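Step one of this worksheet: look at the structure below.
Rendered as structure tokens:
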């Protein structure tokens, strides 16, 4: 069954409906509008930058997660802090500060 494949047998069907098709995308850090590239940077520059960050960090292990309200929707957030996740987020913010207007 779908629940068995997701390893969440104890979760009732209703919460699964809340996350629907979005659960297949994995961990995300959305870039919120308005988003513009800084002068001198192209979409290809951004692509290469994001790719370099992903290659540098590779997969990371997340702590247990929970559903929480995030702005206008729902998000899946860590139950406790994650130094590894914090390092990724800090790196991404620093890089995006240079390539985003």
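In full-length UniProt numbering, the protein residues as written are 1 to 101. All residues carry an ideal CB built from backbone N, CA and C; glycine is no exception. This structure is a prediction, so every number in the text was calculated from the model and none was measured.
Residue nearest to residue 64 within the set 87, 78 and 94 is 78 (criterion: CA-CA distance). Here DSSP, grouped into helix, strand and coil, assigns residue 78 to strand. For residue 66, no alpha helix (DSSP H) run applies; the uninterrupted beta strand (DSSP E) run containing it begins and ends at 65-70, by DSSP. A straight line joining the alpha-carbon of residue 45 with that of residue 39 spans about 11 angstroms. With contact defined as three or more Cβ pairs closer than 8 angstroms, the segment 66-76 and the segment 46-58 are not in contact.
DSSP, reduced to helix, strand and coil, places residue 94 within a helical segment of the structure shown. Under DSSP, residue 73 takes part in a beta bridge, and its partners are 70.
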